[in-house]
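Sequential numbering from 226 applies to the sequence shown in our numbering.
Okay, so here's the structure we're looking at.
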Amino acid sequence: MHKVGSVGNLNNSTRPRKEKRLTYVLNDADDTKHCASINCLAVLKSAASDGSDYLFTGSRDGKLKRWALAVDAATCSATFESHSDWVNDAVLVGDSTLVSCSSDTTLKTWNALSTGTCTRTLCQHSDYVTCLAAAEKNSNIVASGGLGGEVFIWDIEAALASATKCNEAMDDDTSNFVNSSGNSLPMTSLRTIGSSNSISMQAQTEVYIPVTAKGHKESVYALAMNEGGTLLVSGGTEKVVRVWDPRSGSKTMKLKGHTDNIRALLLDSTGRFCLSGSSDSMLRLWDLGQQRCVHSYAVHTDSVWALASNSTFSHVYSGGRDSSLYLTDLHTRESVLLSTGEQPILQLALHDDSIWVASTDSSVHRWPAEACNPQKIFERGNSFIAGNLSYSRARVSLEGSTPVPEYKQPILTIPGIPAIVQHEVLNNKRHVLTKDTSGSVKLWEITKGIAIEDYGKVPFDKKKEELFEMVSIPAWFTVDTRLGSLSVHLDTPQCFAAEMYSQELNIVDKPEDDKINLARETLKGLLAHWLRKQKQRMGTPASANGELLSENDIGTRSLSHSRIEVDGSSENDTMVYPPFEFSIVSPPSIITEGTHGGLWRKKITDLDGTEDGKDIPWWCVDCVSSNRLPPRENSKCSFYLYPCEGSNVQIHTQGKLSAPRILKIQKVINYVIEKLVLDKPLDSVNADGSFPPGIAGSQLQHQTVGDGSFRSGVRPWQKVRPSIEILCNNQILSPEMSLATVRAYIWKRTDDLALHYRVIHGR
């Protein structure tokens, strides 16, 4: 996960604060499907006999989805989007509360029956939160564990009530948090992020602190809790099962036996028996009363990652890295292979007489399970006796042969979108070539957030070679595919390094020589909806330069951004040009950091105008609302201009020239022509159309080569225009090349560029 900016109180720090990053995630046109591995499943049974059951799925794409289930269909009825990284686990508590955890280090609570409303974000973990456990009968209690070795026990109702009281107190008496100048003071003990994803704060007296179960020294991967919430078990990389009293966080015992990481845990309803699955491929049944392992089951050939049991805890369903789903009778030790697949199994969830299976692809499958009477499956034969030694797999009845799956096809499949696993940023720095898990290759335009070409299943490297362009544009963004889709990261000031001419972008509403800053125009496209909403909320038109912030906000911001520069060339330019118009059908999602370090995520069309510089990075607000860009590295390119060897035509340049990096060679040609032709009347031209030596440039006035100086005009006495070639390293340059391209691909040196010119003929 990308840590965005810095998180801590820097009021007393002398270190310069790293500016916050803005990330936008490109979404597929079909946003009803997941585009990465499914990490978690939860089933909500309808209380009404004619009501619909729901399946909740959480994915590495950072989203949760709710599926309305019918006999032979599943329809996505809501998407829950607020996590900024993988969703690792989810549990249902109470009547309609969904709790999720993520690699963004947070837990989030949701109204499970809403259209995707996040009701609270809980921040306590210091690292990825990997697992959750809930007490079915004590519906307020949820435990969370993570890579930091931390285990917390939450009273969800108390946590939400505490946050509500804090917000009400802040509304009643905000004067407690304002200084004499009227600017808000930073508050301490941040614990929550509101449902609008704007940062909420709590005074120390109102902070809800969960119970801490201290003892793990390493990562926690699995948790389980009994129905009453009086017993908690945990496991992870320490290879032991720890048992806790969740009411106090105290340890009661430690169980040893596994030889590798513990990845899955189950408790029976009474809390007497615990079942564990491990990366050592073993299942172990523990009697907590006797504090020992009473049975071991060698069923799988690789790591066990998921477990589910029937209501009586007599049979267990297990899946893992070997992509196989097994049913095991815990008393007789008989096992049956129910199904096999192509992807490792990550999670299981029983639903009536069937079982939902999530794997490392983006689809979910529903298989027959006979969960109400598992013995039916064993009556068909094909079972084997599970051994008790790792990988032994003693199958007396099958004489060591490979088991035959009981079921060939799932009852129902909820398809997903193949995850992007490979990408390449092309030289034009606007297009990204991708390949997904199905082998399909696509071309994305990141300034519009859409796939513009689908090449199908073609060789990725060959297509990359076909799309190669000899063009040099500074890297102004970075990309990763951690979420199964393209995440584009913008960091200031380097994101403002890339410019192009409007003509190159086919923008017809601007002069062809106007320079377009790619990051600025992209931000305008991303935040266009937000800008409109903010204007509507303010109820007054923006000022001439688009400024929408209060006087106090500007004053506070300028203290730390005193070097901000106004982009005068586009001061009144708020129009979003076609190359930067983002789709409203499949809008990208923004991920960034609030004032106090809390990450948030929203679709750009869900921004409501309440977000400001505390939620959206100041440099983005300044750029879009006020046309201010931060100081950037020098975008000029220095070069020398010499006549070719043996040429009888020369111009005087009086040393080094300087021009924008994006300047085209055609303008260098125009410059040479101006000095050769326009400085002298044409009666000095020889009869063959050539120019005598020393005719032009004897009184060169401008050593800085800019856009304007290259616009050639026609004097009344001009009758012959020479044809000029520009060379570098004895290679003739295309007029469409930029100076930056010549330096990168032709000159290939760090010292100042050297160009040569020669006259071909007159015309």
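Glycine is no exception: its CB is placed at the ideal position from the N, C-alpha and C atoms.
Here the structure is a predicted model, which is why all the values come from computation and not from measurement.
Exercise. Below 8 Å, can you find three or more Cβ-Cβ pairs linking the region 303-310 to the region 327-339?
Worked result: With a cut-off of 8 Å on Cβ pairs, the region 303-310 is in contact with the region 327-339, counting three or more such pairs.
Problem set entry | Identified DSSP bridge partners for Q188 | This structure cannot speak to residue 188, because the chain is shown only from 226 to 988.
For this session: Compare the C-beta of K245 against all C-beta atoms of chain B and say whether one is closer than 8 Å.
Result: Chain labels in this structure do not include chain B; a single protein chain is all it has.
Exercise. Between D705 and S712, what straight-line distance do the alpha-carbon atoms span, to the nearest angstrom?
Worked result: C-alpha separation (whole angstroms): 5 Å.
Exercise. In three-state terms, what does DSSP make of F377?
Worked result: If DSSP states are grouped into helix, strand and coil, F377 belongs with the strands.
Exercise. How long is the line joining the alpha carbons of Y279 and S588, rounded to whole angstroms?
Worked result: Their Cα atoms are separated by approximately 16 Å.
Exercise. So the alpha helix (DSSP H) E691 belongs to, where does it begin and stop?
Worked result: From DSSP, the alpha helix (DSSP H) with E691 extends over 685-691.
Problem set entry | Beta-carbon proximity check, R291 vs S302, cutoff 8 Å | In this structure, S302 lies closer than 8 Å to R291 by Cβ.
Exercise. For C260, does the three-state DSSP call read helix, strand or coil?
Worked result: DSSP places C260 in coil when its eight states are reduced to three.
Problem set entry | Sheet register partners of H714 (DSSP bridge) | Beta bridge pairing from DSSP links H714 with T248, T703.
Exercise. Does the distance from the C-beta atom of I378 to that of L457 stay below 8 Å?
Worked result: Their beta carbons are under 8 Å apart, which means I378 touches L457 by this criterion.
Exercise. Considering only C-alpha positions, which residue in the set Y802, S543, E375 is nearest to A744?
Worked result: Checked all of Y802, S543, E375; the closest Cα to A744 is Y802.
Problem set entry | For N652 and F685, the rounded distance between their alpha carbons | Straight through space, the alpha carbons of N652 and F685 are spaced by roughly 16 Å.
Exercise. Three-state secondary structure (DSSP) at R467?
Worked result: Correct three-state label for R467: strand.
Problem set entry | Where the beta strand (DSSP E) containing G544 begins and where it ends | Boundaries of the beta strand (DSSP E) harbouring G544: 540-545, taken from the DSSP string.
For this session: Confirm, please, whether the CB-CB distance from E559 to I610 is below 8 Å.
Result: A contact, by the Cβ cut-off of 8 Å.
Exercise. Tell me which same chain residues have a C-beta within less than 7 Å of the C-beta of H556, skipping the five on either side of it?
Worked result: S539, listed in sequence order.
Problem set entry | Residue environment, K667, which counts as buried when at least 16 other CB atoms sit within 10 Å | It counts as buried.
For this session: Could you round the C-beta distance between N264 and Q761 to whole angstroms and report it? I think they count as a contact, below 8 Å.
Result: About 39 Å separates the two Cβ atoms, so there is no contact after all.
Problem set entry | Backbone CA spacing between S271 and T346 [nearest angstrom] | If you take the alpha carbons of S271 and T346, they lie about 26 Å apart.
Exercise. So R757 is in the alpha helix (DSSP H); what residue range does that whole segment cover?
Worked result: Where R757 is concerned, the enclosing alpha helix (DSSP H) starts and stops at 753-763.
Exercise. Among G287, M450, K749, which one has its Cα closest to the Cα of N363?
Worked result: When each option's Cα is compared against that of N363, the closest is M450.
Problem set entry | Endpoints, alpha helix (DSSP H) assigned at N313 | From DSSP, N313 is part of no alpha helix (DSSP H) but of the beta strand (DSSP E) over 312-318.
Exercise. Going by the CB atoms, is the gap between G514 and W530 shorter than 8 Å?
Worked result: No, the pair does not count as a contact, with Cβ atoms beyond the cut-off.
Exercise. Under the rule that 16 or more other beta-carbon atoms within 10 Å means buried, what is F281, buried or exposed?
Worked result: When all chains shown are included, F281 counts as buried.
For this session: Would you mind working out which of S663, D738, M725, Q759 sits nearest A965, comparing C-alpha positions?
Result: Nearest option by C-alpha distance: M725.
Problem set entry | Outcome for C597 when other beta-carbon atoms lying within 10 angstroms are tallied against a minimum of 16 | Looking at its Cβ environment, which holds fewer than 16 other Cβ atoms inside 10 Å, C597 is exposed.
For this session: Report yes if the C-beta of V468 is less than 7 Å from at least one heavy atom of the ligand FAD; otherwise report no.
Result: In the structure shown, the ligand FAD is absent, as is every other ligand, since no ligand is present at all.
Exercise. Which whole-angstrom value describes the C-beta separation of S590 and P635, a residue pair presumed to lie in contact below a C-beta threshold of 8 Å?
Worked result: In the sequence as displayed, the identity of residue 590 is His instead of Ser. Yes, H590 and P635 are in contact; Cβ-Cβ is about 4 Å, under 8 Å.
Problem set entry | C-beta contact flag for L1001 and A489 at 8 Å | No information on residue 1001 is available, as it lies outside the stretch 226 to 988 that the chain covers here.
Exercise. At what residues does the alpha helix (DSSP H) containing I894 begin and finish?
Worked result: Under the DSSP assignment, I894 falls in the alpha helix (DSSP H) whose first and last residues are 890-898.
For this session: Evaluate the contact criterion for the region 845-855 versus the region 826-834: three or more CB pairs, one atom per stretch, below 8 Å.
Result: In short, these stretches do not touch, since the Cβ pair count stays below three.
Exercise. How would you label S736, buried or exposed, when you count the other beta carbons within 10 angstroms and need 16 or more for buried?
Worked result: First, the amino acid is wrong: residue 736 is Pro here, not Ser. With fewer than 16 neighbouring CB atoms inside 10 Å of its own CB, P736 falls in the exposed class.
Exercise. When DSSP builds the beta bridges, which residues end up paired with M725?
Worked result: In DSSP, M725 forms a bridge with I741.
For this session: Check the C-beta distance from A644 over to T662 and give it rounded, since I have them as a contact under 8 Å.
Result: A644 to T662, Cβ: 5 Å. Contact.
Exercise. If you check the beta carbons only, do A583 and L266 fall under 8 Å apart?
Worked result: In this structure, L266 lies closer than 8 Å to A583 by Cβ.
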